[in-house]
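Note that the protein sequences, when read in sequence, are chains W and V.
If you want this note's numbering, it's the 1-based position in the first sequence plus 14.
If you want this note's numbering, it's the 1-based position in the second sequence plus 14.
Beta carbons are placed, not taken as given, at the ideal position from N, Cα and C, and that holds for glycine.
Below is one structure, written out as structure tokens; comments come after it.
There are 2 protein chains.
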Amino acid sequence: MTGQRRGAARRSGRRAGESGTKEEILAAARRKFADLGYDGATIRAIAAEAGVDPALVHHFYGSKEHLFAAAMQLPIIPSEVITAALTEARPAGSTMGEHAVRTALAVWESPPVYRSFLGLLRSAVTSEQAAAMLRQFVEQAILAPLARQASTDDPAEAEYRAAVVGSQMLGLALTRYVLQLGPVATADPEELAATIGPTIDRYLTGCTG
Amino acid sequence: MTGQRRGAARRSGRRAGESGTKEEILAAARRKFADLGYDGATIRAIAAEAGVDPALVHHFYGSKEHLFAAAMQLPIIPSEVITAALTEARPAGSTMGEHAVRTALAVWESPPVYRSFLGLLRSAVTSEQAAAMLRQFVEQAILAPLARQASTDDPAEAEYRAAVVGSQMLGLALTRYVLQLGPVATADPEELAATIGPTIDRYLTGCTG
Numbered sequence: 015m016t017g018q019r020r021g022a023a024r025r026s027g028r029r030a031g032e033s034g035t036k037e038e039i040l041a042a043a044r045r046k047f048a049d050l051g052y053d054g055a056t057i058r059a060i061a062a063e064a065g066v067d068p069a070l071v072h073h074f075y076g077s078k079e080h081l082f083a084a085a086m087q088l089p090i091i092p093s094e095v096i097t098a099a100l101t102e103a104r105p106a107g108s109t110m111g112e113h114a115v116r117t118a119l120a121v122w123e124s125p126p127v128y129r130s131f132l133g134l135l136r137s138a139v140t141s142e143q144a145a146a147m148l149r150q151f152v153e154q155a156i157l158a159p160l161a162r163q164a165s166t167d168d169p170a171e172a173e174y175r176a177a178v179v180g181s182q183m184l185g186l187a188l189t190r191y192v193l194q195l196g197p198v199a200t201a202d203p204e205e206l207a208a209t210i211g212p213t214i215d216r217y218l219t220g221c222t223g
Numbered sequence: 015m016t017g018q019r020r021g022a023a024r025r026s027g028r029r030a031g032e033s034g035t036k037e038e039i040l041a042a043a044r045r046k047f048a049d050l051g052y053d054g055a056t057i058r059a060i061a062a063e064a065g066v067d068p069a070l071v072h073h074f075y076g077s078k079e080h081l082f083a084a085a086m087q088l089p090i091i092p093s094e095v096i097t098a099a100l101t102e103a104r105p106a107g108s109t110m111g112e113h114a115v116r117t118a119l120a121v122w123e124s125p126p127v128y129r130s131f132l133g134l135l136r137s138a139v140t141s142e143q144a145a146a147m148l149r150q151f152v153e154q155a156i157l158a159p160l161a162r163q164a165s166t167d168d169p170a171e172a173e174y175r176a177a178v179v180g181s182q183m184l185g186l187a188l189t190r191y192v193l194q195l196g197p198v199a200t201a202d203p204e205e206l207a208a209t210i211g212p213t214i215d216r217y218l219t220g221c222t223g
């Protein structure tokens with residue numbers, strides 16, 4: 015699918031109908047997200063870069079998060095997956111944290127997500143510009159929905175707890191997929207959910223000990 | 015100091031006394047660790063590559079871990095720092111986990127460690143060969159001493175717990191230093207020790223909930 019999409023893209027010249035316009039918007043989005051960061055790249059700026067009306071960008075992609083996901087070939091919308099994992103009915107006996115770990119592993123281990131996730135992580139670790147873009151995206155699309163599940167009325171405390179959850183979840187991805195460290199790389203998802211789930215619960219609820 | 019060392023290195027030709035020989039051993043070590051991994055690169059193979067007697071490598075560097083640390087310009091010996099942090103007398107009222115988090119942050123935040131640590135992490139995330147080398151090093155020099163502190167008689171269980179500790183600690187480093195994610199990047203080390211320390215304790219002791 016990547017190959018087909020790239021094949022359809024045009025660098026210049028006339029529009030090849032809707033798919034050509036969509037490709038130009040995605041290419042403009044990639045440039046603007048890289049140059050201005052996730053926060054700075056507005057739909058308006060991306061539309062101007064692509065030479066189209068902002069309404070057309072909204073029509074094709076809806077929100078900025080959906081546009082970012084399409085531009086980065088993320089096959090999921092992170093905030094939707096996270097909100098669903100944290101609020102949907104869970105299997106009996108599972109805590110919110112266990113279910114979050116289980117869901118994250120299932121999502122990461124679907125091959126297209128795995129590839130784009132590793133690509134984003136690699137760029138962020140090697141380029142400060144890419145790190146800034148990923149940081150802003152993670153804060154908006156991942157930490158903000160996590161913070162809404164933190165059991166506190168203090169927004170700063172909720173943000174802190176969400177970011178600590180992020181440290182454990184991204185560390186799990188780093189050690190399982192990138193470093194492939196010891197038994198974390200080979201552990202059954204249910205075992206990891208049982209070990210790490212209570213940590214996520216504790217971070218979100220703020221209960222220590 | 016890096017500059018001086020590099021200035022003293024020779025690609026070929028006559029030995030410039032002890033510092034020239036040490037530089038040749040370090041260059042040979044870097045090549046062998048990259049080619050054969052941390053486990054595969056024996057002191058004997060590195061000595062052969064440098065054209066010196068293995069006894070001389072032992073004389074200059076002692077253990078393979080010390081040689082690796084010198085070759086990678088790691089200004090600390092990870093296993094010694096970890097063992098000290100986990101077994102030394104702790105400040106009153108601190109758990110093992112809190113003290114481990116506090117010590118790790120202090121070590122990482124010393125500028126020379128910070129630079130070499132980020133360098134190792136960047137190589138590992140972008141090159142599978144470097145990831146394999148770092149994985150083996152982390153398993154030997156970091157997870158093995160951690161596993162010895164896990165309160166279990168089952169070696170496989172101890173290794174698993176140590177690796178899960180590694181996932182949280184590396185995730186903390188990734189989010190605080192590389193992604194600089196939200197409030198984890200700016201939090202006071204004592205706050206992070208209070209939040210994440212109990213997680214490390216729980217992973218090492220295996221107590222859930």
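Cβ of Q87 (chain W) within 7 Å of any chain V Cβ: Not closer than 7 Å to any Cβ of chain V, the Cβ of Q87 (chain W) fails to qualify, so no.
Buried or exposed by the 16-neighbour rule on C-beta atoms within 10 Å, applied to E173 (chain W): E173 (chain W) counts as buried, since at least 16 other C-beta atoms from the protein chains shown sit within 10 angstroms of its C-beta.
Contact set between the stretch 142-167 of chain V and chain W, restricted to residues whose Cβ is under 7 Å from the partner: Identification of residues in the stretch 142-167 of chain V having a C-beta nearer than 7 Å to some C-beta of chain W yields A145, L148, R149, V152, E153 and L157, given in sequence order.
Under 9 Å (Cβ pairs) to chain W, residues found in the stretch 178-192 of chain V: The residues in question are V178, G180, S181, Q182, M183, L184, G185, L186, A187, L188, T189, R190 and V192.
Cβ-Cβ distance between D49 (chain V) and Q150 (chain V) below 7 Å: Result no, Cβ atoms of D49 (chain V) and Q150 (chain V) do not sit closer than 7 Å.
Classification of G65 (chain V) by the beta-carbon crowding that lies within 10 angstroms, buried from 16 upward: Looking at its Cβ environment, which holds fewer than 16 other Cβ atoms inside 10 Å, G65 (chain V) is exposed.
Residues that P197 (chain W) contacts on chain V, provided the C-beta gap is smaller than 8 Å: Per Cβ cutoff of 8 Å: A170, E173, Y174 and A177.
V192 (chain W) beta carbon less than 7 Å from that of V139 (chain V): Yes. Within cutoff.
Where the alpha helix (DSSP H) through P105 (chain W) begins and ends: Counting along the chain, no alpha helix (DSSP H) covers P105 (chain W), and no H or E run does either.
Below-7 Å beta-carbon distance, R136 (chain W) vs any chain V residue: Answer yes: the Cβ-Cβ gap between R136 (chain W) and chain V drops below 7 Å somewhere.
Beta-carbon spacing of L218 (chain V), R190 (chain V) below 7 Å: L218 (chain V) places its beta carbon 7 Å or farther from that of R190 (chain V).
Neighbour-count burial assignment, E38 (chain V), 16 or more Cβ in a 10 Å radius: When all chains shown are included, E38 (chain V) counts as buried.
7 Å Cβ cutoff met for S93 (chain W) and A55 (chain W): Contact: no.
Same chain only: Cβ atoms within 8 Å of V178 (chain V), ignoring 5 sequence neighbours per side: Here the set comprises Y217.
Contacts of I210 (chain V) in chain W (Cβ-Cβ under 8 Å): Within chain W, the residues near I210 (chain V) are V178 and S181.
Proximity test, Cβ basis, 7 Å: T140 (chain V) and chain W: Chain W, which has a Cβ nearer than 7 Å to the Cβ of T140 (chain V), makes this yes.
Local Cβ density within 10 Å of P159 (chain W), reported as buried at 16 or more and exposed below that: Residue environment: P159 (chain W) is assigned as buried (16 or more neighbouring CB atoms within 10 Å of its CB, all protein chains considered).
L188 (chain V) to F74 (chain V) span [Cα, whole Å]: Their Cα atoms are separated by approximately 33 Å.
Beta carbon proximity, T213 (chain W) to chain V, threshold 7 Å: Judged by the 7 Å Cβ criterion, T213 (chain W) is in contact with chain V.
Status (buried if at least 16 other CB within 10 Å, exposed otherwise) for R116 (chain V): Buried, by the Cβ-count rule.
Top-ranked residue by Cα proximity to I210 (chain W), from W:F131, W:E112 and W:P125: Cα-wise, what sits closest to I210 (chain W) is W:E112.
Proximal residues to M86 (chain V) (C-beta, below 7 Å), its chain only, five neighbours per side dropped: Excluding sequence neighbours, M86 (chain V) sits near S130 and L134.
7 Å Cβ cutoff met for A236 (chain W) and I60 (chain W): Since the first residue shown for chain W is 15 and the last is 223, residue 236 (chain W) is missing from the structure and cannot be characterised.
Residue span of the alpha helix (DSSP H) that contains G34 (chain W), given as start and end: Its alpha helix (DSSP H) spans residues G31 to G54.
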